[in-house]
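Chains as they are written, first to last, in the working numbering: chain A, 4 to 350; chain B, 66 to 597.
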C-alpha cells in the first residue's frame, strides 16, 4: 500500500486557517450579495421599475408587493398559471404557424418557445406553446390537438400542464410559507439543542443561503418551478446540517477549553471540521454535477440550485453562522469568569 | 473493547434481509414478479405520474353552487317549520339572497315565537357545533346563514360522495389503476396512469347525469315558439348525439327522477335490433311508474338527461313490472356510456377542473432513463471518491451505501410511496449525502488517533462521539422534508418521501452497518495503527 493512499492522509492533520480574521471582509461581501439579490427580486432582475409596477397593480398594498415579487422571477407554469403544451414532431416545426394556431385557439397572450428536446433526441423537433389562464383550458388544448397537423407533419402533444390562477397563487404563497416555516423550525430546533445565539446564527446563515439562491434565479432569469422550491428546502436542510456539525464542535470545545477566547475557539472548531466539510461537500457536488449534465431539462434546474446552494451553504456555515455567534457572544461554563465573549466583529 | 452487542448484529441482519426481500421485486420483470410465492412481497416501487405517463386532474367543488343548494334546503325547512307550527306562523318572501336563506313574517310581533321554532334547525343532527346562525331584521325578516364549520363539513362530505361517484364513472369495473383521493376540504385529485388524453376523463366526470321523467304537453311548434307557454312547463332541447326527438314542451316538475333507478344496462331491442338502454326501478319507483303510465296511457312522456330530451315515447300500456327500455338512437358505445353514467348516479355538486397535467409515457420513460444514468454516475463517483480518500474504510462505507440503497428501495416499495422525477433527484442526493455520516465518524477517528489513542479506542470514540452530531445534523434534514411533505403537491411530495426515508436508512447503514464491518475487520486484523 503506497503511503499516499488512502488519500485522506494527504490532508494536513492539523490546519490553522484563521477564518475569523476574514469575517469582516466576508460580512461585507455577504451583505453586498444579499442586497443585490433582494434588489434583483424586487426589480425583476434589474429589468423593471418596482415603483411603476406598484402603481400599475391593483388591490391592497400587500397584493401590489406580491405583483412586484412575481416579476422578480421567471415563474414556471406552476406559479404563473395558464397552459403549457409541449409539442414534438419528426420534422421542423413552423413556429409562426404554431403561434397562429395558438391565437386562433385562445385569445390573449400566446408565447411560442423553441426548446431543447429530450436527451435521447427521439423526436428531434420540439416547441412549447404557452397560454395565459383561461376559463376553459381543455377546449384550447383540443383545438391545438386538432390543428397540429398543419403545423408540422406527425406533430403530437407530449405534455400538457394546465394550472388555474387560483392554484398557481396558492402554490406560490404556499411555497414561500413552507420556506419561512422551515427556517422557523430550524431556529426552534437549534435553540432547543444549543443556545439562542446559535439558533440566530444558524437562521442568519439560512436566510443568507435562501436569499442568494433566489437572487441567482432572479438575476439569470432561470425558470422558477415547484422543483426549485423543493431544492430551496433541501438547501435549507443541507446548510443547517453543515452548520450543526460546526456548532456541535464549537459546543464541545466550549466545554473543553474554558479559557480560550471565543474567536480562537471558533477558528479551532472550524479547522477541526474542515476535512469533513470538504469531503461531504465534494461527494454531494460530484453527484449533483452528474445530475446537471445527464438529468435532462426537468432536473437540471434542481441540480443547479443545489450546486449553488451547497457551495453557498458551506460558505455560510463558515462565515455567517459561526461569526454570528461572535457578535452575540455566548455564555461559557458555570465557573467561566467572562460571561460574554468579546462582542466585536473581528475584522 | 470493540464489542458489538448481539442484538445489533441481529437487528442489522434482519433489517437487511427484509430490505432485500422488499427491494427484490423491483429488479424483476412483471411476469416474474407475479409468479413469486405468496409469502414474498411483490410490490415494486410505485412510479409517479410524471415517470409513468398519464393524466392528473385536480377538481374543486363549486362551493357557491353547493351553498345555494344548501340554502334552498334551509329555506324549505324554515318554511315548513313555520307552516307546521301550532298555530301556524304566516310568512311571505321565502327565498335565498346572497349567502342567506330568508323568510319574512307577515306579523312581525310573532318574531319571538318564530325564533323559538326555528332554533332546533341550527343544531346539527349528529350533535356538535351549530350549523346555522340566525339573524332577524326589521319588519319580520329572519335570515339564516350556514356556519363556516358546517360549510367545510359539507364540502368534505360532498367531496367524499363525489369520489365514489367519479370512481364508478371512470372505473366501472374497478380494474384500472386510477387513484381518486380527497385533498383538503373541497378538492379531489384524479390520477389516471397511462391515459394520455384526459378529455374522456373530464367528459365523464363533468356530466351531471341526472335522468328525469316528465310529461309532455302536446302543442305545435309555432305555439311553442311564440313563447306563450302554459304555466309550469318549459321547452327542452334534444340531447346532443342522440337521435333527437326535437324540442319538446314538458312539465317543469319531473314525475320522478333517476334516483329510483337500480339497474341500467345497454341491450338490443328484440324486434328492431336497435341499441337500447334497459332499466330497472326500485319498488317505490315501480309503483310510481305504474300509476303514472296508467293515468296517462296514450300520452307521451319525455326522458330527460341533464334537462335535454333523450326520447319522448308514447305510453302504449301501463308499465307495472318496474323495468323498461329507452330507445334514443344509441350506438353500442353511447348506450354503454349512458348506462355507466346512470348507474353511477349524479354528482352531489358541480366540480370544476382547476389543474390538469398530462405526461406522455415515453417522456416519463426518458426521465427514468436519465435518472438511472445520473444515479449510476453519482454512485460510481461516490464509490471511487470514498475508496480513494479512505482506503479500506472507504470500502466499508461503500458497502454501507449499497445496503442503504437496497433499504431505501425496499422501504419505498413497502410503504407504497410514489417515486417521482424530483424523487429521483432526492435519491441521488441521498446517495451523495449518505456517506456524510461515515465521513463524520472517520474524521472523528482520525482526530482521536492523532491525539495519541490506540486504534481500538479511536474507533470506539469515533462512533460514540460522532453520534450526537449525526443525529443533530440529520434531524434538521428530516424537519425540512416534513415541511416539504405538508406543502408539496404530487411530484414534490415524492421528493419529500425519498429524502426522509433516505435519511433514516442512511443513518442506519452508515452507523450500524459500518460499525459491524469495522468490528469484524478489527478482530481479524488486530491493527497497530489506524489505516486512515
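For glycine and all other residues, C-beta sits at the position ideal for the given N, C-alpha and C. These figures come from a predicted structure and were not determined experimentally.
- Query: Residues bridged to residue 131 of chain A by DSSP?
  - Reply: As a beta-bridge residue in DSSP terms, residue 131 of chain A pairs with A/89 and A/116.
- When you check each C-beta in the region 139-163 of chain A against every C-beta of chain B, which residues fall closer than 9 Å? Cβ contacts with chain B come from 140, 141, 144, 145, 148, 159, 160, 161, 162 and 163.
- Message: On the DSSP bridge list, what partners appear for residue 95 of chain B?
- Response: Beta-bridge pairing links residue 95 of chain B to no other residue.
- Message: With H, G and I counted as helix, E and B as strand and the rest as coil, what does DSSP make of residue 170 of chain B?
- Response: Residue state, collapsed to three classes: strand.
- Beta-carbon separation of residue 189 of chain A and residue 113 of chain A under 8 Å? Cβ distance not < 8 Å, so residue 189 of chain A and residue 113 of chain A don't count as in contact.
- Below 8 Å on the Cβ atoms is my guess for residue 257 of chain B versus residue 120 of chain B; work out the distance and round it to an integer in Å. That belief holds up - the Cβ atoms of residue 257 of chain B and residue 120 of chain B are roughly 5 Å apart, short of 8 Å.
- Looking at C-alpha atoms only, which residue of A/221, A/219 and A/186 is the closest neighbour of residue 204 of chain A? When C-alpha distances from residue 204 of chain A are compared across A/221, A/219 and A/186, the shortest belongs to A/186.
- Item | CA-to-CA distance, residue 133 of chain A to residue 106 of chain A, given in whole angstroms | Answer to the nearest angstrom: the Cα atoms are 11 Å apart.
- Item | Inter-residue Cα distance where the pair is residue 303 of chain A and residue 262 of chain A | Using only the alpha carbons, I get a separation of about 49 Å.
- Item | Selected residue, minimal CA-CA separation from residue 227 of chain B, among B/126, B/538, B/84 and B/548 | Nearest option by C-alpha distance: B/126.
- Roughly how far, in whole angstroms, is the beta-carbon of residue 458 of chain B from the beta-carbon of residue 596 of chain B, given that I think they are within contact range, below 8 Å? Correct: roughly 6 Å between the Cβ atoms.
- Query: Based on Cα-Cα distance, which residue from B/335, B/394, B/398 and B/318 lies nearest to residue 372 of chain B?
  - Reply: Ranking B/335, B/394, B/398 and B/318 by Cα distance to residue 372 of chain B puts B/318 first.
- Is residue 156 of chain B helix, strand or coil when you go by DSSP? Looking at residue 156 of chain B - three-state DSSP - the assignment turns out to be strand.
- Item | Complete runs of the alpha helix (DSSP H) confined to the region 95-138 of chain B [at least 4 residues] | Runs found: 95-99 and 114-117.
- Task: Leaving out five residues on either side along the sequence, give the residues of the same chain with a beta carbon under 7 Å from the beta carbon of residue 461 of chain B.
- Result: Excluding residues within five positions, the ones whose Cβ falls inside 7 Å are 579, 582 and 583.
- Item | Within chain B, the residues that residue 236 of chain A reaches when beta carbons sit closer than 7 Å | Under the 7 Å cutoff, chain B gives 545, 548 and 549.
- Query: So residue 572 of chain B and residue 533 of chain B are in contact, right, with Cβ under 8 Å, and what is the actual spacing, rounded?
  - Reply: Beta-carbon to beta-carbon, residue 572 of chain B and residue 533 of chain B are separated by about 12 Å, too far to satisfy the 8 Å threshold.
- Give the range of the alpha helix (DSSP H) segment to which residue 266 of chain B is assigned. 264-271 is the extent of the alpha helix (DSSP H) around residue 266 of chain B.
- Item | Endpoints, alpha helix (DSSP H) assigned at residue 267 of chain A | Note, residue 267 of chain A: alpha helix (DSSP H), 265-297.
- Message: Buried or exposed, going by whether 16 or more other CB atoms sit within 10 Å of the CB of residue 220 of chain B?
- Response: Classification for residue 220 of chain B: buried.
- Measure the C-alpha to C-alpha separation of residue 150 of chain A and residue 108 of chain A and round it to an integer number of angstroms. Computed Cα separation, rounded: 9 Å.
- Using the beta-carbon count (16 or more within 10 Å), is residue 529 of chain B buried or exposed? Counting Cβ neighbours within 10 Å, residue 529 of chain B comes out exposed, since fewer than 16 surround it.
- Item | Same chain, Cβ closer than 6 Å to residue 100 of chain A, five either side skipped, listed in chain order | Closer than 6 Å at the Cβ level, and outside the excluded window around residue 100 of chain A, lie 154.
- Enumerate in chain order the residues of its own chain whose CB-to-CB distance from residue 424 of chain B is below 7 Å, with the five nearest sequence positions on each side excluded. Same-chain partners within the cutoff: 114, 115, 118 and 119.
- Message: For residue 341 of chain B, report the span of its beta strand (DSSP E) as first-last.
- Response: Where residue 341 of chain B is concerned, the enclosing beta strand (DSSP E) stretches over 340-346.
- Message: Rounded to whole angstroms, what is the Cα-Cα separation between residue 347 of chain A and residue 328 of chain A?
- Response: Reliability fails at residue 347 of chain A, whose pLDDT of 40 lies under 50, so the model's placement of it is uncertain and no value is given.
- Length at least 3, wholly inside the region 161-238 of chain B: the beta strand (DSSP E) runs in chain order: Runs found: 165-170, 197-201 and 206-211.
- Item | Environment of residue 325 of chain B [buried if 16+ CB atoms lie within 10 Å] | Buried, since its Cβ has 16 or more Cβ neighbours within 10 Å.
- Alpha-carbon to alpha-carbon, residue 250 of chain B and residue 66 of chain B: Note that residue 66 of chain B has pLDDT 46, beneath the 50 cutoff, so the model's placement of it is unreliable and no number is given.
- Message: Can you look up residue 299 of chain B in the DSSP assignment and give me helix, strand or coil?
- Response: Strand, per DSSP.
- Helix, strand or coil for residue 60 of chain A, going by three-state DSSP, please let me know. Residue state for residue 60 of chain A is assigned as coil, using DSSP reduced to three classes.
- Item | Nearest-angstrom Cα separation, counted from residue 355 of chain B out to residue 381 of chain B | Using only the alpha carbons, I get a separation of about 12 Å.
- Collapsed DSSP secondary structure at residue 412 of chain B in the structure displayed: Reduced to three states, the DSSP call for residue 412 of chain B is coil.
- Message: Which of the three DSSP states is assigned to residue 84 of chain B in this structure?
- Response: Reduced to three states, the DSSP call for residue 84 of chain B is helix.
- Query: Nearest to residue 1 of chain A by alpha carbon, out of A/8, A/10, A/43 and A/16?
  - Reply: A query on residue 1 of chain A cannot be resolved here, the shown segment of chain A reaching from 4 to 350 and no further.
- Message: Once DSSP output is grouped into helix, strand and coil, what is the label at residue 389 of chain B?
- Response: Under the three-state reduction of DSSP output, residue 389 of chain B falls in the strand class.
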